[in-house]
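The sequence shown begins at 171 in my numbering and counts up by one.
Virtual Cβ for every residue (Gly too), placed ideally from N, Cα, C.
Heads up: the structure comes next, in structure tokens.
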Amino acid sequence: MLSPNRACLAQARLVKTGQVHTRALANAESSHLSEVEEYENQSKVGVLSEALRLN
Numbered sequence: 171m172l173s174p175n176r177a178c179l180a181q182a183r184l185v186k187t188g189q190v191h192t193r194a195l196a197n198a199e200s201s202h203l204s205e206v207e208e209y210e211n212q213s214k215v216g217v218l219s220e221a222l223r224l225n
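Shown next, in the form of structure tokens:
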């Protein structure tokens, strides 16, 4: 069994690790959403330029 001081340190490490993982997941999701938005914008530009070309 861990001493109270070591148990507290271990808990603090777990909390910090959890925060790091949560931040990494949030960054990955944000990056993915940015890529999706960029793709959608490129698609809209392509459709618009094609429509203008046909007119």
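- In this structure, the alpha-carbon of methionine 171 lies about 35 Å from that of alanine 196.
- When the Cα atoms are used, arginine 176 and alanine 194 turn out to be separated by approximately 27 Å.
- Taken through DSSP and simplified to helix, strand or coil, leucine 195 comes out as helix.
- Here DSSP, grouped into helix, strand and coil, assigns serine 204 to helix.
- One alpha carbon belongs to alanine 221, the other to asparagine 211, and they sit about 15 Å apart.
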